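Top to bottom, those sequences are chains Z and A. Residues in the first sequence are numbered consecutively from 47, following our numbering. Residues in the second sequence are numbered consecutively from -4, following our numbering. Just so it is clear, CB atoms sit at the ideal spot from N, CA and C, and this is done for glycine as well. Nothing here was measured: the structure is a model prediction, and the numbers come from that model. Contents: one structure, followed by commentary.
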Amino acid sequence: MSPGPVLTYLDHAATTPMRPEALDAMLPFLTDRFGNPSGSHRPARAARRAVDDARDVMAEALGCEPGEVVFTSGGTEADNTAVAGALACRPGSVAVAPAAEHQAVLAPVEAAAGRLVGVDGTGRVDHDSLSAALGPDVAVVSVMLANNEVGTVTPLEEVVVLVAEHAPGAVLHTDAVQAFPWLDVAPAAAAAGLVSVSAHKFGGPQGVGALVVRRGVALAPLLRGGGQERDRRSGTSNVAGIVGMAAAARVLQGDRSEVVARVGALRDRLADGLLAAVPGTVETGVGGAWPNRDHKVAGSCHLCFDDVEAEALLFLLDQAGVCASAASSCASGAAEPSHVLAAMGMDRARAGGSLRLSLGWTTTEADVDHALTVVPAAVARLRQARL
Amino acid sequence: MKVLVAMSGGVDSSVAAALLQRDGHEVVGVTMKLWGGPSDAGCCSVSDVDDARRVADHLDIDHHTFDFGADFARHVVDPYVGDHQAGRTPNPCIACNRHLKFDRLMERAAALGFEAVATGHHARVTTHADGTRRVARGADRAKDQSYVLHVLDQGALARVRFPVGDRTKAEVRNLARALGLRTADKPDSQDVCFVSATGGRRAFLEPRVALTPGRVVDGDGLVVGRVEAVELVTVGQRRGLGLAGGGEARFAVHADPVAATVTVGSAAELLTAEQAVGGVVWAAGPCSGATLVQCSAHGVPRPGDLVLGGTASDCAGEVTVRWHRPERRVAPGQSVVFYEGDEVVGGGTALSPPAAGGPAPR
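Structure follows, in structure tokens:
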């Protein structure tokens, strides 16, 4: 890979740099403190202590008891466990999810012949559509707290009322992977029986996450074996990863409101600047009953440019040193049409020009300046080429 | 020069990228994602994308993936299905070259600031004294791909590069080994990328169109056999027509899905003095008179005279090939390419004979 120009990294929703505190906390467990926490000797007990401490930190951050935290290999495993695990406890039951959920929820729902329900133009679940899909046969309803593409936050209080009314036997799962960096998830997800988070979205390492399983929620494990995580997730604990995740969470709990204020202002400057500089641009995730960005996570700037192909735009941005994305990536690395934008009712042509610029804890004024120079020029160039 | 190299994940395009880089060009690799369906062959499976990316990594060049799946469906897959429905035998690789590898990729490349697009085809581009260019046969005659590139016009020829076109396949593989490229010994792709070797055309077409069972008749209209799908019969085909054994060999000379009929005839009846060709594109303007005509990817070129305008009244873009000696008729839908020496001067698509359904002209 050529070194290229200075990087402006605006893809924090894909993954964000690790907090230095997380790396520092991890290193001993990748070197001399290598014990397996399931053992009984001193190194094992030391590792066990580290995992237990991390569990306390995560429980505090997630608003649950330590015994309700199940460490996983990341958001996808947590989401899959929530959906498939709840279904497995009730033979013949079905899962329900809005069509704009992450694939890690949609795929297990669809694999079990579940029901997908509609979302509004901002990506939030449509209450009528949800109510119609609920019933006594529903075991799990999965509604994300913040959307991974357009960044809109869904208030779960209203959802949980509908679930209690129409599917009283169902558990509510929320994918809080994209919300955790920006929101105090403890109150925001208090209504959910199952909550998924992923470390690398908030300054921890990749490959580790957690699922909150509140007491009384019946859940079958996805991974069976040695009975770790109280038989809810077998497999040797990823000690370094778990410790790193907890360290990142601890830092974030301390500075989240400051980060949100600072990054939110940068995001507003970026979004307003691009809307002003580039004609034929639409900001996604705002409108209707949600006319402003207050109900999006602070790092999310999602725009659609008319008459631009996202794939070509990303290429030019990459060449100019601006890292961004359009939608979730498929296995071959190509940009697929966004199922989220389609679910929101956006026409294919407009969705084809989507750009997700996601800011994070390391984003600076200079990053925004750079993007405000590069993005309008790239859009103009591509439009010129079409003439 | 900024060059975008279309990297399929095969050895030829891997070496093409390496050669351009060695010559000092600013090279970026791209793999087109064309087909999302199941397939066990061809250009665009995930493992091929992986190979292309790993080769680019090895060469230390950037690699991107462009998703042209929608264009591929529109310009290649849909016409492929439609041609079969109409009883033709299409060549989807040519449609892919024309609409995807060249039109679409070149347009994208220009928009992104590339001056040239390179591929791993075994072909060359020659320049004439008047400045016009031609596709010419590659140095390795057994691997020559000029036939599938006959659709390139002057605009495309000015911007395309075939870095391996003046090398033999063996040289390309040796070079790949010397460079440590993981694709050095990868087998050549053979088949249509979206049709699996196990299921074949039938498995691909069956869920997409209603296949027509049909009768097989001889030149006198006598029913002599049956086929399960007229759409899958290719003119010139001998097997799979449900014919009784013994006697003179008979071949499909016409397939008509609308009439649910396949007409068979003797080897002599398969021969024709003329071949109508439609949708003709010329490298640098129409040519007539004596030429060499190639009717399949690795077919032997045969001599014939080109007569512009065809035989029917409404025949713009049509050419009639008058064979110097009678030749087997070409399955409608197959590409017919005209050469002067090693150079492509034009080409088009074989049309059904004017007396469709009747006995072959003698």
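Asked: CA nearest to the CA of Z:G399, picked from Z:T410, Z:A92, Z:A370 and Z:A130; Found: Z:A370
Asked: Test: Z:F361 CB closer than 9 Å to a CB of chain A; Found: yes
Asked: Close Cβ partners of A:G242 (< 6 Å) along its chain, the five nearest in sequence each way excluded; Found: none
Asked: Identity of the residue in A:R324, A:H293, A:P321 and A:G341 nearest A:E313 by Cα; Found: A:G341
Asked: Helix, strand or coil at A:S308 according to DSSP, with G and I counted as helix; Found: For A:S308, the predicted model reports a pLDDT of 49, less than 50, meaning its position is unreliable and no value from the coordinates is stated.
Asked: Residue of A:L(-1), A:R17, A:G82 and A:R69 minimising C-alpha distance to A:G231; Found: A:G82
Asked: Assigned exposure category for A:E226 - 16 Cβ within 10 Å defines buried; Found: buried
Asked: Burial state of Z:A93, where buried means 16 or more other Cβ atoms lie within 10 Å; Found: buried
Asked: Cutoff 9 Å: A:D73 Cβ touching any chain Z Cβ; Found: no
Asked: Option nearest A:G235 by Cα separation, candidates A:G214, A:D215 and A:P208; Found: A:P208
Asked: Supposed close pair A:A255, A:R210 - CB separation, criterion 8 Å; Found: 7 Å
Asked: Reduced DSSP secondary structure (H/G/I, E/B, other) of A:A268; Found: strand
Asked: Contact set between A:L303 and chain Z, taken where Cβ atoms lie within less than 8 Å; Found: By Cβ distance, chain Z contributes nothing, its closest Cβ being about 35 Å from A:L303, past 8 Å.
Asked: For A:H94, three-class secondary structure by DSSP; Found: helix
Asked: Coil, strand or helix - Z:D172 by DSSP; Found: coil
Asked: Residues in the stretch 314 to 336 of chain Z having any Cβ partner in chain A nearer than 7 Å; Found: none
Asked: Nearest residue (CA-CA) to Z:D415, options Z:P251, Z:R161 and Z:L312; Found: Z:L312
Asked: A:H53 at chain Z interface by Cβ criterion, 9 Å; Found: no
Asked: Cβ neighbour criterion (16 or more within 10 Å) applied to A:L152; Found: buried
Asked: Member of A:V253, A:L265, A:A285 and A:M27 whose CA lies at the smallest distance from the CA of A:A247; Found: A:L265
Asked: Pair within 9 Å by beta-carbon distance, Z:T330 and Z:H341; Found: no
Asked: Cut-off 8 Å between Cβ atoms - residues of its own chain near A:G284, not counting five sequence neighbours on either side; Found: D300 and L301
Asked: C-beta neighbour in chain A for Z:Q149, strict 9 Å; Found: no
Asked: CA nearest to the CA of Z:M104, picked from Z:T408, Z:V243 and Z:V217; Found: Z:V243
Asked: CB of Z:R302 within 9 Å of CB of Z:T127, strictly; Found: no
Asked: Continuous alpha helix (DSSP H) assignments of at least 4 residues falling wholly in the stretch 85 to 148 of chain Z; Found: 88 to 108 and 121 to 134
Asked: Residue-level contact to chain A via CB, Z:D70, 9 Å cutoff; Found: no
Asked: Where A:G343 falls: helix, strand or coil (DSSP); Found: strand
Asked: Contiguous beta strand (DSSP E) assignments of at least 3 residues, all confined to the stretch 182 to 226 of chain A; Found: 209 to 212 and 218 to 222
Asked: Among Z:H246, Z:F248 and Z:A222, the one whose alpha carbon lies nearest that of Z:L240; Found: Z:A222
Asked: Per-residue contacts from A:R103 into chain Z (C-beta, under 7 Å); Found: A358
Asked: Coil, strand or helix - A:P298 by DSSP; Found: strand
Asked: Distance, Z:A232 Cα to Z:F75 Cα; Found: 28 Å
Asked: Proximity to A:S42 [Cα-Cα], best of A:R17, A:D148, A:G126 and A:S3; Found: A:S3
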